[in-house]
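Top to bottom, those sequences are chains A and B.
Following the UniProt record's numbering from start to finish, the first sequence increments by one per residue and tops out at 477.
Following the UniProt record's numbering from start to finish, the second sequence increments by one per residue and tops out at 118.
Where is the CB? At the ideal position from N, CA and C, for every residue including glycine.
Everything on this sheet refers to the single structure shown next.
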Amino acid sequence: MWFLCVFYHRLLDFRKPEVEALAELFGEEIAENESLQWRLPQHHHNDTPFHFVQLSSEEIATNIAKRSILVKGMYELWGEGTCYEELEESIKSYPDSRKLPFLTSGSTFRISVETFGKAMTFEEQNDRIRSFTYIPFEGKVDLKNPDHNFFLMEMDESEENNGLPPIVQRRIFFGREVGFADRKLLPTFQLKSRTYLGPTAMDAEMAFLMANQAKATSGKLVYDPFVGTGSILVSAARFGAMTMGADIDIRVVRDGRGPDCNVWSNFKQYGLPMPVALLRMDNNLPPWRSGLKEIFDAIICDPPYGVRACGRKSGGRKILRGTVDPYTVPDDKRTDHIPSTGAYSLVECVHDLLHLAARMLVMKGRLVFFFPVLRDDNGGEVKFPEHPCFKLVAVSEQILSSRYSRVLLTMVKVEPYSDEIEEAARLMHLEFRKNHLKWLEDGNIHSSVFKPIDSSQIHTDSKTFKDPKPKYRGKYV
Amino acid sequence: MLSCNIKGVVNKFPLRIVAEKVINKEVDFNPDFLKHMFGKIEWKALVDGARSMGYTELPDHAPDTKLLESDDESFLIQFHHALLELHLEEGSLVCPETGRKISVNKGIPNLLLHEDEV
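What follows is the structure, encoded as C-alpha cells:
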C-alpha cells in the first residue's frame, strides 16, 4: 500500500532513514539489499515534505508515525490534483470500498486544512472544506476527538520559498490520517529543563532520532561508550530499552554536580529506568572479559571530534610521546591517584569504536554515531569509516557551520566477529600506539574548523566574490 | 562482564566483589531481555558476585534453558534481581591474579588503569 508521508520541514537528511529504521522495527519485511520504496509527487524536489512510501499494512504506517519524530502525518491518499476540479475527479474515482467504511453515520470526523509555503485565512479554509459536498459524509463532525481525521493539503507554485527550489505546479492532496508524530516528547525532554547538562549534551530531538535509528525498544540493551551526561541514553530508555554507559571522565559520570544532579538523576527526572551500569573506563583499553561478545543490541554515541570536546585515553601526554617511561605510583598514593590521560585522535577513537561494535553487537545490531566532516567546497567525496563486519545503511548530514558538519552514520552488523578481525584490530591498535603523534596531527579537525580565513584569497577574489554558497538552503532548515 | 585488563595478566576473570554498601534498585521485569542475557552470562561469576553482595538464592549451577521458557517465572525473577536490581554502591572489584583493587564509588567502578599498567 502506498501512503502519503508528510514530514516536518527540518533535518531533511534524517527523515527517510528514520522511517526506514522504524519500518524495520515494526516488522515491515524488507528483502536483503533492498530498502523501502519511495516515490515523489509530480514535479516535487527531493527535499519536499511530501513523499509517498510503500508499506505492507496500515498498522505499520500508524506505528511508524506514532514513534517518529519527523513524520508530521501518514495518510491514505484519497485524491490529488493540480486544481480543485482535478482533485474532485480523483477523489470520486477512488474506490468506494476504501472510502465508505470511514464515512458511516455512527462515526465522527474532522477535516483539517494544511498548507505548505502559504497561509490561508479561516474563511478560505472553510470554503474549501464546504466544497467537499461530493464526498458522502454521514457521520457527525467532532473537532476535538474524531474517529477519523481527514486532511486537505495545499501547496502553491511558489517562488523561492522554504529554501526549496521553485515548485513547477500547484499540488493538492486529500487523505485520511492513519497516524502522526508525538512531538510532545520534545518539550518534555528539551535540554533546558534537564537537571544535569554538559557542554556536548545531545539535543533531545536529535537524541530521539538516534534512538530511532538504533531501533531502541523494550528488551534491548543499548550502550553508549561516550555517555557524558547520558543525554543519548535517556532517549533510548524512553523507548523502553535497557541502557549502559561508559565515560573516561570520572567527574562527569560519577560526581556530576551533586547527589541530585548527575547521570542517574537525568533518568529519575523523567521516571525512566536507570542504566544497568555506568562505568568509568577507557575505550582504548576496554576491560571486557575475553570471550564476551554479542551482548549489545545497539551502540549509540557521539564521539569526541576534538572540536567542542576532545577525546582522552590512558597514558599521559609525556608517556605517549615517549619522553618519559611509564612510572610507578608509590603504594601509599595509589588509592586516590588520578591516572594521567593523553589526547585521543578521532581516527583512533573511531577505529576503537568500530572494533568494539564489531565484537559486542549482536548480529543485525546497529551502530549509530556522529562523524564530523569538513565542508570542502571543492566537492571531494567524503570517506566514511568502514569495517568488514558492517554495512552502512544511512547517512544523514547536519550542517553545523560553514566549515564543518556532522554526519549521523547508521551501520548494521552483517558479518560475525572473527579471529582474523580481532587480530587485525590488535595490530592497528599497536600501530596507533607507536605513531601516536602522527595520528594526532593527521586527524586534527579542530584546527581546520577554527583556522582564520585566508585573507589574501578574499582580496583577490573580491570582484567576483558574491556568494560562494548557492542560495538553496536545503539541509540548513 | 568486566575483567582486569592490566597488561600481561592472564587470569583476569572473574573479579571478586568486596561489598561495603549494596543498594536495591527497582527495575521493571522483562523476561525477553533476561532470556537474551542468560546465554551471555558466566553463571558462576554471577552466582559468586550475587553472594558476595548478600543474595544467596541463585542455584549453584545454571539451570537448563528449558526452565526459561516454562510458565514458572520464579527462577527468572531471581535472575532478574541478581542481574539488574542488586547494585554495588560502595566497595571494590578485586583482580583474581594481581589483587589490584578497582574501587566502586557512588555505584560507578573506576576501571581506568594506572600509568604502569597500560
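Minimum C-alpha distance to residue i - residue among the options
i                      : options                       : result
residue 437 of chain A : A:360, A:345, A:418 and A:413 : A:345
residue 87 of chain A  : A:119, A:133 and A:60         : A:133
residue 403 of chain A : A:118, A:373, A:81 and A:300  : A:373
residue 450 of chain A : A:424, A:400, A:358 and A:194 : A:400
residue 212 of chain A : A:94, A:235, A:221 and A:93   : A:235
residue 105 of chain B : A:352, A:356 and A:279        : A:279
residue 116 of chain A : A:277, A:7 and A:397          : A:7
residue 25 of chain A  : A:340, A:239 and A:284        : A:239
residue 365 of chain A : A:414, A:395, A:347 and A:398 : A:414
residue 302 of chain A : A:243, A:351, A:368 and A:177 : A:368
residue 204 of chain A : A:180, A:230, A:223 and A:222 : A:230
residue 216 of chain A : A:260, A:245, A:300 and A:74  : A:300
residue 146 of chain A : A:173, A:106 and A:262        : A:106
residue 227 of chain A : A:244, A:219 and A:47         : A:244
Rounded C-alpha distance that separates residue i from residue j
i                      : j                      : result
residue 409 of chain A : residue 184 of chain A : 26 Å
residue 107 of chain B : residue 254 of chain A : 8 Å
residue 55 of chain A  : residue 39 of chain A  : 12 Å
residue 349 of chain A : residue 109 of chain B : 22 Å
residue 381 of chain A : residue 125 of chain A : 47 Å
residue 306 of chain A : residue 45 of chain B  : 39 Å
residue 150 of chain A : residue 370 of chain A : 38 Å
residue 64 of chain A  : residue 199 of chain A : 32 Å
residue 385 of chain A : residue 310 of chain A : 19 Å
residue 104 of chain A : residue 42 of chain A  : 32 Å
residue 154 of chain A : residue 114 of chain A : 6 Å
residue 83 of chain A  : residue 26 of chain B  : 59 Å
residue 411 of chain A : residue 354 of chain A : 10 Å
residue 293 of chain A : residue 5 of chain A   : 39 Å
Burial state of residue i, where buried means 16 or more other Cβ atoms lie within 10 Å
i                      : result
residue 291 of chain A : exposed
residue 251 of chain A : exposed
residue 460 of chain A : Its pLDDT being 44, under 50, residue 460 of chain A is placed unreliably in this model, and the coordinates cannot settle the point.
residue 23 of chain B  : exposed
residue 406 of chain A : buried
residue 258 of chain A : exposed
residue 53 of chain B  : buried
residue 53 of chain A  : buried
residue 225 of chain A : buried
residue 20 of chain B  : exposed
residue 143 of chain A : exposed
residue 68 of chain A  : buried
residue 130 of chain A : exposed
residue 270 of chain A : exposed
residue 30 of chain A  : exposed
residue 286 of chain A : buried
residue 1 of chain A   : exposed
residue 119 of chain A : exposed
residue 390 of chain A : buried
residue 39 of chain B  : exposed
residue 430 of chain A : exposed
residue 49 of chain B  : buried
residue 100 of chain A : exposed
Residue span of the alpha helix (DSSP H) that contains residue i, given as start and end
i                      : result
residue 265 of chain A : 263-269
residue 129 of chain A : 122-130
residue 49 of chain B  : 43-52
residue 178 of chain A : Segment 171-179 is the beta strand (DSSP E) holding residue 178 of chain A; no alpha helix (DSSP H) there.
residue 72 of chain A  : Premise fails: residue 72 of chain A lies in the beta strand (DSSP E), 71-81, not in any alpha helix (DSSP H).
residue 65 of chain B  : 65-69
Residue interval of the beta strand (DSSP E) (run including residue i)
i                      : result
residue 245 of chain A : 242-247
residue 394 of chain A : 390-399
residue 363 of chain A : 361-374
residue 43 of chain A  : First-last for residue 43 of chain A: undefined, no H or E at that position.
residue 404 of chain A : 404-413
residue 155 of chain A : 148-155
residue 89 of chain B  : 86-94
residue 51 of chain A  : 50-54
Near the ligand COA: residue i beta-carbon under 7 Å from a heavy atom
i                     : result
residue 38 of chain A : The ligand content of the structure shown is nil, which means the ligand COA is not present either.
Completely contained beta strand (DSSP E) runs for the segment 265-312 of chain A, where each covers 3 or more residues
277-280 and 296-301
What ranges does the alpha helix (DSSP H) occupy inside the segment 178-237 of chain A, keeping only unbroken runs of at least 4 residues that lie completely in it?
185-189 and 204-213
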